[in-house]
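Asks: To start, I am sharing the structure in question, which I have written as structure tokens.
Protein chains: 2
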Amino acid sequence: MKLIQDKLESKGLRSSQQRMKILQYLDQHRTHPTVEEIYNGLVKEMPTLSRTTIYNTLQLFLEHALISGLTISGSESRFDFETTPHSHFFCKECGVVMDVEKVDCPCENRGVISGNRIDEVHLYLKGVCKNCLTKSKGGKK
Amino acid sequence: MKLIQDKLESKGLRSSQQRMKILQYLDQHRTHPTVEEIYNGLVKEMPTLSRTTIYNTLQLFLEHALISGLTISGSESRFDFETTPHSHFFCKECGVVMDVEKVDCPCENRGVISGNRIDEVHLYLKGVCKNCLTKSKGGKK
DNA sequence: TTTCATGCTTGTAATTATTACATCTTCGTG
DNA sequence: CACGAAGATGTAATAATTACAAGCATGAAA
Ligand SMILES: [Mn+2]
Ligand SMILES: [Mn+2]
Ligand SMILES: [Zn+2]
Ligand SMILES: [Zn+2]
């Protein structure tokens, strides 16, 4: 928890109870949670926590590059404690979002493509995860 | 228009007026339009067109792999007449979504990663486009 | 050609994710 | 302790999408 606090203060941000808890939640849940999942995970121990605080805080964290954001599942934003570039896999059966072994794309080393400045690279793989493939063996195709 | 009709019928789909217009719109607007953009583009000549029809139709097209879908801009889905694998760039200044020269990632040739079956590969690059970079020369960084 | 069934389209209502905003709280400083 | 700014909260508004019931079109069967 001290480390979390340091991380916040190293960016010049005040380490409020809410900010620390939200950042800690992301650190301890590397599942790329949504706002709703973070809310449900924290509201038990912080009954007055507001979803708006979570939105604001995540936005702030993104601006300070404390976390990273994903839009792999389409309808909702997901968040990641990890900020170093890596790739993601989304299972269309069970909805899990997981990190995959770094696929190194030539573009990541290139700052510009056709004159456009690249700030972020997102590689999203979608399909059916190992787990769901196993379960559906013999079941429905 | 005949080609559009053939394309629909080749997938065993009925070629209704709405379906043809929607598919034609995507063919003629390679800007990765949103549902709203498609609606605004077509409602003039089809005043009774419903957004629901657009949602349903795009869903159907996706299921039959007539088109492809993107979630690069976060809040809304975008659609692409092009179905062969290619990469996209999103400008955080002006919101344009454009195709970029094919970046060939090793994963595209691989059907499985860590036991997960890959059906789709999306490479999204985000940053500031050539145009916006030019405009802001001398202006704000 | 009428009849009928089925698939397609429409409009409205409901849901979900997100943002806007006014108010209340907290916390460091003097 | 008092003040002021930053932070948190709750409610209302928006935006995108889905659910659903009802109407419409089309093509095969009679
Ligand atoms: Mn990750
Ligand atoms: Mn494209
Ligand atoms: Zn799965
Ligand atoms: Zn731009």
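Chains H and F, in that order, give the protein sequences. Be aware that the first sequence starts at 40, since it is given in our numbering, and climbs by one per residue. Be aware that the second sequence starts at 40, since it is given in our numbering, and climbs by one per residue. Every residue, glycine too, gets a C-beta built ideally from N, C-alpha and C.
1) Please state the DSSP three-state secondary structure of L162(F).
2) Do the region 112-119 of chain F and the region 124-138 of chain H meet, that is, are 3 or more Cβ pairs less than 8 Å apart?
3) Using a Cβ distance threshold of 8 Å, determine whether the region 61-81 of chain F contacts the region 59-77 of chain H, with at least three qualifying pairs required.
4) For the alpha helix (DSSP H) holding L109(F), just list the boundary residues, first then last.
5) Within the present structure, is the beta-carbon of R69(H) separated from the nearest heavy atom of ligand 1 by less than 8 Å?
6) Under three-state DSSP, which class holds R58(H)?
7) Can you tell me whether Y64(H) is buried or exposed? The criterion is at least 16 other CB atoms within 10 Å of its CB, across all chains shown.
8) Mind checking Y163(H): buried by the 16 CB within 10 Å criterion, or exposed?
9) Quick one, which of T70(F), I93(F) and L52(F) has its alpha-carbon nearest I61(F)'s?
10) Closest to Q56(F) by CA distance: which of D66(F), K50(F) and L88(F) is it?
11) Identify the contact partners of Y163(H) in chain F, using a Cβ-Cβ distance below 9 Å as the criterion.
12) Please output, in chain order, the residues near ligand 3 using a CB cut-off of less than 7 Å to any non-hydrogen atom of the ligand.
Replies: Reading from the atomic positions:
1) In the second sequence, counting from the first residue as 1, residue 162(F) sits at position 123. Strand, per DSSP.
2) Output reads no: the region 124-138 of chain H does not touch the region 112-119 of chain F.
3) Touching, no, given that fewer than three Cβ pairs across the two stretches are closer than 8 Å.
4) Taking the first residue of the second sequence as 1, we reach residue 109(F) at position 70. Here L109(F) belongs to no alpha helix (DSSP H); instead the beta strand (DSSP E) covers S107 to L109.
5) Position 30 of the first sequence, counting from 1, holds the residue named residue 69(H). Flag set: Cβ of R69(H) near ligand 1.
6) As a working note, residue 58(H) is residue 19 in the first sequence. In this structure, DSSP gives R58(H) a helical state, which the three-state scheme calls helix.
7) The residue labelled residue 64(H) in the question sits at position 25 within the first sequence. Classification of Y64(H): buried, given that the 10 Å Cβ count is 16 or more.
8) In the first sequence, counting from the first residue as 1, residue 163(H) sits at position 124. Of the residues assessed, Y163(H) falls on the buried side of the cut-off, its CB having 16 or more other CB atoms within 10 angstroms.
9) To locate residue 61(F), count along the second sequence from 1; it is residue 22. Residue I93(F) holds the alpha-carbon nearest to the alpha-carbon of I61(F) among T70(F), I93(F) and L52(F).
10) On the second sequence, position 17 is the one that residue 56(F) refers to. Nearest option by C-alpha distance: L88(F).
11) Mapped onto the first sequence, residue 163(H) falls at position 124. Those are T110, E159, V160, H161, L162 and Y163, listed as they occur along chain F.
12) Here the list is C130(H), E132(H), C133(H), V135(H), V167(H), C168(H), N170(H) and C171(H).
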